[in-house]
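Reading through the structure tokens given below for one structure.
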Amino acid sequence: MGTGIATGWGTDKLVSIEGLIGSAQGDTFTDSAANNLFEGRGGNDTFYLTNGGNDVLMYKVLAGKSGDGRGGNGHDTVYGFTVGNLLTNDNADLIDLGDVLNYSGSYSCFMDDGKMTLDFASQGILNYLKVDQLNGDTIISIDRDGKGGAYGFEELLTLKGVSTDLVTLLSNNQIEVGDDTLSSASSATHSLLSTTQQSLLSISQMYTAGDDILFGTEKADILMGGLGNDTFIHIGKGDQVMGGAGNDVIKLASTDFAYISGDEGIDTLILEGKNELLDLGALKDKLESIEIFDMGDASNTMKVSLDDVLRLGSEELAIHSGDKAIIVNGEEGSTLKLEGGDGQWTMSHSHYQHAGNTYNVWTVGTSGIEVLVENTVNSIIM
Numbered sequence: 027m028g029t030g031i032a033t034g035w036g037t038d039k040l041v042s043i044e045g046l047i048g049s050a051q052g053d054t055f056t057d058s059a060a061n062n063l064f065e066g067r068g069g070n071d072t073f074y075l076t077n078g079g080n081d082v083l084m085y086k087v088l089a090g091k092s093g094d095g096r097g098g099n100g101h102d103t104v105y106g107f108t109v110g111n112l113l114t115n116d117n118a119d120l121i122d123l124g125d126v127l128n129y130s131g132s133y134s135c136f137m138d139d140g141k142m143t144l145d146f147a148s149q150g151i152l153n154y155l156k157v158d159q160l161n162g163d164t165i166i167s168i169d170r171d172g173k174g175g176a177y178g179f180e181e182l183l184t185l186k187g188v189s190t191d192l193v194t195l196l197s198n199n200q201i202e203v204g205d206d207t208l209s210s211a212s213s214a215t216h217s218l219l220s221t222t223q224q225s226l227l228s229i230s231q232m233y234t235a236g237d238d239i240l241f242g243t244e245k246a247d248i249l250m251g252g253l254g255n256d257t258f259i260h261i262g263k264g265d266q267v268m269g270g271a272g273n274d275v276i277k278l279a280s281t282d283f284a285y286i287s288g289d290e291g292i293d294t295l296i297l298e299g300k301n302e303l304l305d306l307g308a309l310k311d312k313l314e315s316i317e318i319f320d321m322g323d324a325s326n327t328m329k330v331s332l333d334d335v336l337r338l339g340s341e342e343l344a345i346h347s348g349d350k351a352i353i354v355n356g357e358e359g360s361t362l363k364l365e366g367g368d369g370q371w372t373m374s375h376s377h378y379q380h381a382g383n384t385y386n387v388w389t390v391g392t393s394g395i396e397v398l399v400e401n402t403v404n405s406i407i408m
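Using the working numbering, the first residue of the sequence shown is number 27, and each one after it goes up by one.
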């Protein structure tokens, strides 16, 4: 990720930056194909989310603006907002309202006669959020304290060319609400969670039994999953992730994270960037309980040793009973370096079918370990 500094008034162009904070003026932002984080702040900002990726629009109460109905934010306009489930759609976008709304309840939706519906216990959120359709656009309005009386509904953003509703956005996990500061109750999860780290703001905590979406920010975040198949996006410098139960997916922006554990289930680590090196040996003190690795872009490289598979492997993925296995996926041209150590890697199977993909299976003698490598990946014996 590049670094850019723009000062003074005028039109600035910042390249290769995925996190941008606006000014008090009406700023214009355009996303890249990566997962971008935008905080427009004051002024009526314009966002162009036209290049793909899971983009986040974050709204916070600005300094000195606690009495304002929009927390000091303007009425923003968004072009190219993608409606879709964040669990399954790589281009679905998120609106984070957790800091501006004083909503402390939960919400859940259910399917009723083929239509997604907000359940009765979640009706209170309607006092805080309103989504209207007008001339083919969607207008999102907020009342920061619901029926508290200090504020009323004010229009916060308009999604141009998008026709959707509140229940759809909530059921897609595309609107984040509530106070998600991590409590000190997490102190027993791992020794890396020091007292200082416990005080860090964790932007996207949900603590539900469902399938949640949690986003890393520009800060060092602590993100904890629950009982469902959770997805963690844009995990990078200083971040800590505890997946909890379920088959979780962790999308890695950089390898300078503080700690990642998938915990229970079969968990997947995906590289978001390009020209990255994922060295499991170098990460052994801060990476646990990850069984499936996806290098993503063809420019990425991964290094695996026998000890790495013994430490991370799962018997559930192994071909032979009692063995431990990991899975390595990647686009055509990505590279896996298998470090030999005291043994020699040999291919025990080719064209092995698993979950709709074709794999070559590498082993080391009678070690009881297996590495299932997608046949699009170039394997090199070190």
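In this text, a Cβ means the ideal position worked out from N, Cα and C, and glycines have one as well.
Task: Beta-carbon proximity check, V409 vs L127, cutoff 8 Å - done: Here the chain has residues from 27 to 408 only, and residue 409 is not among them.
Task: Cβ distance (whole Å) where S409 is taken to contact S287 below 8 Å - done: Residue 409 is absent from the structure shown; the chain starts at 27 and stops at 408.
Open item on the list: Could you tell me the alpha carbon to alpha carbon distance between S189 and G106, rounded to whole angstroms?
Closed with: Here the question's residue 189 lines up with position 163 in the sequence shown. Here the question's residue 106 lines up with position 80 in the sequence shown. Their backbone Cα atoms lie some 12 Å apart in a straight line.
TODO: Quick one: grab the DSSP three-state call for F146.
DONE: Mapped onto the sequence shown, residue 146 falls at position 120. DSSP places F146 in helix when its eight states are reduced to three.
- [ ] Leaving out five residues on either side along the sequence, give the residues of the same chain with a beta carbon under 7 Å from the beta carbon of D125.
- [x] The residue labelled residue 125 in the question sits at position 99 within the sequence shown. Apart from sequence neighbours up to five positions away, the residues of its chain that approach D125 with a beta-carbon distance below 7 Å are Y85, K86, V87, ordered along the chain.
Open item on the list: For A271, tell me which candidate among D94, K312, E290 has the shortest Cα-Cα distance.
Closed with: For this step, residue 271 is matched to residue 245 along the sequence shown. Taking the Cα of A271 as reference, the smallest distance to any Cα among D94, K312, E290 is reached at E290.
Task: Length-filtered (3 minimum) beta strand (DSSP E) runs lying within the region 115-200 - done: Counting only runs of at least 3 residues, the region 115-200 fully encloses the following beta strand (DSSP E) elements, listed from N- to C-terminal order: 120-122, 135-138, 141-144, 155-160, 163-168, 180-186.
Open item on the list: I want to know whether the region 275-285 touches the region 154-161 - three or more CB-CB distances under 8 Å.
Closed with: Verdict: no, contact absent.
Open item on the list: Helix, strand or coil, according to DSSP, for Q224 in the structure here?
Closed with: Residue numbering aside, residue 224 sits at position 198 when the sequence shown is read from its first letter. Because Q224 carries a pLDDT of 34, less than 50, the predicted location of this residue cannot be relied on, and no value is offered for it.
Task: Simplified DSSP state of I303, which is helix, strand or coil - done: Your numbering for residue 303 matches position 277 in the sequence shown. In the sequence under discussion, the amino acid at residue 303 is Leu, which differs from the Ile named in the question. DSSP places L303 in strand when its eight states are reduced to three.
- [ ] Could you have a look at E342 and say whether DSSP puts it in helix, strand or coil?
- [x] Translated into positions along the sequence shown, residue 342 becomes position 316. Here DSSP, grouped into helix, strand and coil, assigns E342 to helix.
Task: Beta-carbon contacts of N117 that lie in its chain and below 6 Å, excluding the five residues immediately before and after - done: Translated into the one-based positions of the sequence shown, residue 117 becomes position 91. Here N117 has G78, T108 as same chain residues with Cβ atoms under 6 Å from its own Cβ, once five neighbours each way along the sequence are excluded.
Open item on the list: Here's the rule: buried if 16 or more other CB atoms are within 10 angstroms of the residue's CB, otherwise exposed. What is K329?
Closed with: Taking the sequence shown and counting its residues from 1, the one referred to as residue 329 is at position 303. Classification of K329: buried, given that the 10 Å Cβ count is 16 or more.
- [ ] Would you identify the three-state DSSP class for H216, choosing helix, strand or coil?
- [x] The count along the sequence shown starts at 1 and reaches residue 216 at position 190. Low local confidence applies: a pLDDT of 34 at H216 is under 50, so the model's placement there is unreliable, with the coordinate-based value given in what follows. Coil, per DSSP.
- [ ] Work out the CA separation of L63 and L196 for me, nearest whole Å.
- [x] Numbered from 1 along the sequence shown, position 170 holds the residue referred to as residue 196. Numbered from 1 along the sequence shown, position 37 holds the residue referred to as residue 63. Taking the straight line from one Cα to the other gives about 19 Å.
- [ ] Indicate whether G100 and G52 have their beta-carbon atoms separated by less than 8 Å.
- [x] Translated into positions along the sequence shown, residue 100 becomes position 74. Translated into positions along the sequence shown, residue 52 becomes position 26. In this structure, the beta-carbon distance from G100 to G52 falls below 8 Å.
Task: Limits of the beta strand (DSSP E) - the one that K350 falls within - done: For the purposes of this step, residue 350 is taken as residue 324 along the sequence shown, with counting starting at 1. Residues 350-355.
Open item on the list: Just list the residues that DSSP pairs Q266 with in beta bridges.
Closed with: Locating residue 266 in the sequence shown gives position 240, counting from the first residue. DSSP links Q266 through a beta bridge to I248, Y285.
Task: N- and C-terminal bounds of the beta strand (DSSP E) containing K86 - done: Start at 1 with the first residue of the sequence shown, and residue 86 comes out as number 60. Looking at the DSSP string, K86 is not in any beta strand (DSSP E), and its letter there is neither H nor E.
Open item on the list: Can you list, in chain order, the residues of its chain with a C-beta nearer than 8 Å to that of G183? Leave out the 5 residues immediately preceding and following it.
Closed with: Taking the sequence shown and counting its residues from 1, one reaches residue 183 at position 157. Gly is not the amino acid found at residue 183; the sequence shown has Leu there. Excluding sequence neighbours, L183 sits near L83, H101, D102, T103, V104, I121, I165, I166.
- [ ] Mind checking which residues open and close the beta strand (DSSP E) that includes F107?
- [x] The residue labelled residue 107 in the question sits at position 81 within the sequence shown. Unbroken run through F107: none, as it is neither H nor E.
Open item on the list: Residues in the same chain with beta-carbon distance under 8 Å from K312, minus the five sequence neighbours each way, listed in chain order, please.
Closed with: As a first step, residue 312 is located in the sequence shown; it is residue number 286 there, counting from the start. Around K312, the same chain offers L218, F283, A284, Y285, I286 as residues with beta carbons nearer than 8 Å, after the five sequence neighbours per side are excluded.
Task: Own chain residues within Cβ distance below 6 Å of D145, not counting five before or after - done: Stepping through the sequence shown from its first residue, residue 145 is reached at position 119. Same-chain partners within the cutoff: S134, F136.
TODO: Could you check the C-alpha separation between G356 and V399 for me, to the nearest Å?
DONE: Position 330 of the sequence shown, counting from 1, holds the residue named residue 356. Position 373 of the sequence shown, counting from 1, holds the residue named residue 399. Each residue's Cα considered, the two are about 9 Å apart.
- [ ] For the beta strand (DSSP E) holding I318, just list the boundary residues, first then last.
- [x] Taking the first residue of the sequence shown as position 1, residue 318 is located at position 292. Residues 318-320.
TODO: Select from D191, G95, N153 the residue whose C-alpha is nearest the C-alpha of E181.
DONE: Taking the sequence shown and counting its residues from 1, one reaches residue 181 at position 155. Comparing Cα positions, the closest option is G95.
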